[in-house]
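S.K.: I have a structure I would like to understand better, so I am pasting it below and will then ask my questions one at a time.
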Amino acid sequence: MSLTAMLQEQFDAGLTTRSDFTIDQPVEQYGAVDHAVWQQLYERQTAMLPGRVCDAFMEGIRALDMDARRVPEFERLNEKLMAATGWQVVAVPGLVPDEVFFDHLANRRFPATWWMRRPDQLDYLQEPDCFHDVFGHVPLLANPVFADFMQAYGKAGTVAQSLGALPLLARLYWYTVEFGLMRDGDGLRIYGAGIVSSRGETEFSLTSREPNRIGFSLERVLRTQYRIDTFQQTYFVIDDFAQLFDAMRADLPTLFKAFAEQPSFEANARRPEDTQILMPA
Ligand SMILES: [Fe+2]
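Each residue of the sequence shown is one higher than the last, beginning at 1038 in this note's numbering.
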C-alpha cells in the first residue's frame, strides 16, 4: 500500500496523524484476530530463539515484560523502556519519510507500525507491521549500547540525506539492524529484527551453507547492495554492539564521497579482503 493510501485509510478510520507522522496507538481497534496473530507469532518466535538469538535480545524481552497474549500497549511498554535506556516507542501508520524517521531515532523514539498483519501473512509480509517493529526491534532498544548506536544512526541519517548518500547508509541499517548476525557466547547468533521476526530466516541465516557470512566492516557494508526479495546472500557478523557504535564515529561524509565514485558490490559478492566466518563442519 502506498503511503498516501495508508494515510487515507488512517484518516477514514478516524486516526489523527501529527506532523511527525505519529498517532495515538488506537488500542481499541485491535480485535481478537489481531491478538491471536500476535500470540501465535510471539510464541512461535520465543520458542525458537533461545540459543539462536543474542543474549541481549532475550534480556530485552525479559526486561520489557511483553504479554504473549496481546498486542502490546506502547504506553505500558514505554514505562519499562524509558527506565532502561530513555527510548520510547511511538505509533505510526506505516513507513514514514526518511527525514522523519531519522529525527525520531536521533531523539530516541522508535516509530512502530501500529497495525497487525493478517493470519494468512504469518510467514511473510513485505512491509513492517506491529509484530516486526515491536517484537523484532524494541527488545534491543533496552540494551544501552545498541540504544546509543540507534540514536547515532538517526543523526548520521540526517547527514547522509544532506549529502545525497541515503542509499549507502541504508545498507548499514539493512545489514545490521535488520539482518545482522553476532558472535556471541558459544557461536553465531542473530540480532537483526528482520531475522528475529521471521521463522524461515532465523533458520536459514544460522544454518544454511548458501550465504556468505563475513566479519563486519563499515566500508564493506556501505558498498554492498542488498536484495529485498530473498533471504540474505551475505550476512555481516559483529563481535558486539560496541563495534556498531564505534563505526558511527567514522568520517562518514568522506566515506560517502569516496564510495559514490566507486562501483558497489553485488549482494552475493565475495571479496579477497573479507573475513569469512566459517560454519562448523
Ligand atoms: Fe525493521
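Note that the Cβ used here is the ideal one computed from N, Cα and C, for glycine as well.
(1) Pick helix, strand or coil for Gln1280, following the three-state DSSP scheme.
(2) Where Ala1230 and Arg1308 are concerned, what is the direct C-alpha to C-alpha distance, given to the nearest angstrom?
(3) Excluding sequence positions up to five away, which residues of its chain have a Cβ less than 7 Å from the Cβ of Trp1152?
(4) Could you tell me the boundaries of the beta strand (DSSP E) in which Thr1150 lies?
(5) Can you tell which of Ala1105, Asp1157 and Val1258 has its C-alpha closest to the C-alpha of Val1214?
(6) Quick check: what's the CA-CA separation for Gly1123 versus Arg1145?
(7) So, Thr1195 versus Asp1140, is the Cβ gap smaller than 9 Å?
(8) So, for Ala1297: in the same chain, excluding its five sequence neighbours on each side, which residues have a beta-carbon less than 6 Å away from its beta-carbon?
(9) Going by other Cβ atoms of all chains shown within 10 Å of its Cβ, with 16 needed for buried, is Tyr1161 buried or exposed?
(10) Does the Cβ of Pro1176 have 16 or more other Cβ atoms within 10 Å, making it buried, or fewer, making it exposed?
(11) Based on the DSSP output, what are the partners of Tyr1212 in its beta bridges?
(12) At which residues does the beta strand (DSSP E) containing Gln1125 begin and terminate?
(13) If you compare alpha carbons, which of His1072, Ala1197, Tyr1228 and Pro1134 is closest to Arg1106?
(14) Could you pull the DSSP bridge partners for Phe1302 from this structure?
(15) Does Leu1159 come out as helix, strand or coil in the three-state DSSP assignment?
(16) Let's test the definition: count the other Cβ atoms within 10 Å of the Cβ of Ile1265 and tell me whether it reaches 16, buried, or not, exposed.
(17) Go through the segment 1207-1255 residue by residue and report every complete run of the beta strand (DSSP E) that reaches 3 residues or more, in order.
(18) Use the C-beta contact count for Glu1238: other C-beta atoms within 10 angstroms, 16 or more gives buried, fewer gives exposed.
(19) Hey, how far is the Cα of Met1085 from the Cα of Phe1111?
(20) Assuming Tyr1272 is part of the alpha helix (DSSP H), what are its boundary residues?
M.R.: So, from the data block:
(1) If you number the sequence shown from 1, residue 1280 lands on position 243. DSSP places Gln1280 within a helical segment (H, G or I) once states are collapsed to three.
(2) For the purposes of this step, residue 1230 is taken as residue 193 along the sequence shown, with counting starting at 1. For the purposes of this step, residue 1308 is taken as residue 271 along the sequence shown, with counting starting at 1. Rounded to the nearest angstrom, the gap between the Cα atoms of Ala1230 and Arg1308 is 26 Å.
(3) Within the sequence shown, residue 1152 is the residue found at index 115, counting from 1. Residues of the same chain with a CB within less than 7 Å of the CB of Trp1152, apart from the 5 flanking positions on each side, are Asp1166 and Cys1167 in chain order.
(4) Numbered from its first residue, the sequence shown carries residue 1150 at position 113. Going by DSSP, Thr1150 is part of the beta strand (DSSP E) stretching over Arg1146 to Thr1150.
(5) Locating residue 1214 in the sequence shown gives position 177, where the first residue counts as 1. The shortest Cα separation from Val1214 among Ala1105, Asp1157 and Val1258 belongs to Val1258.
(6) In the sequence shown, residue 1123 corresponds to position 86, counting from 1. In the sequence shown, residue 1145 corresponds to position 108, counting from 1. Gly1123 and Arg1145: Cα-Cα distance of roughly 7 Å.
(7) Taking the first residue of the sequence shown as 1, we reach residue 1195 at position 158. Taking the first residue of the sequence shown as 1, we reach residue 1140 at position 103. Less than 9 Å divides the Cβ of Thr1195 from the Cβ of Asp1140.
(8) Locating residue 1297 in the sequence shown gives position 260, counting from the first residue. No residues qualify anywhere along the chain.
(9) In the sequence shown, counting from the first residue as 1, residue 1161 sits at position 124. Here Tyr1161 is exposed. Its C-beta has fewer than 16 other C-beta atoms within 10 Å.
(10) The residue you call residue 1176 lines up with position 139 of the sequence shown. By the neighbour-count rule (16 or more Cβ atoms within 10 Å), Pro1176 is buried.
(11) In the sequence shown, residue 1212 corresponds to position 175, counting from 1. In the DSSP output, where bridge partners are listed per residue, Tyr1212 has none listed.
(12) Residue 1125 sits at position 88 when you count from the first residue of the sequence shown. Its beta strand (DSSP E) spans residues Gln1125 to Val1129.
(13) The residue you call residue 1106 lines up with position 69 of the sequence shown. The candidate whose alpha carbon is nearest that of Arg1106 is His1072.
(14) Looking up residue 1302 in the sequence shown gives position 265. Partner(s): Thr1261.
(15) For the purposes of this step, residue 1159 is identified with residue 122 of the sequence shown, where counting begins at 1. The answer is coil: DSSP assigns Leu1159 none of H, G, I, E or B.
(16) As a position in the sequence shown, residue 1265 is number 228, starting the count at 1. Exposed, by the Cβ-count rule.
(17) Counting only runs of 3 or more, we get 1218-1221, 1224-1227 and 1249-1252.
(18) Position 201 of the sequence shown, counted from the start, is the residue given in the question as residue 1238. Flag for Glu1238 reads buried.
(19) Residue mapping note: residue 1085 aligns to position 48 of the sequence shown, counting from 1. Residue mapping note: residue 1111 aligns to position 74 of the sequence shown, counting from 1. Each residue's alpha carbon lies about 25 Å from the other.
(20) Residue mapping note: residue 1272 aligns to position 235 of the sequence shown, counting from 1. Unbroken run through Tyr1272 is the beta strand (DSSP E), Thr1271 to Ile1275; no alpha helix (DSSP H).
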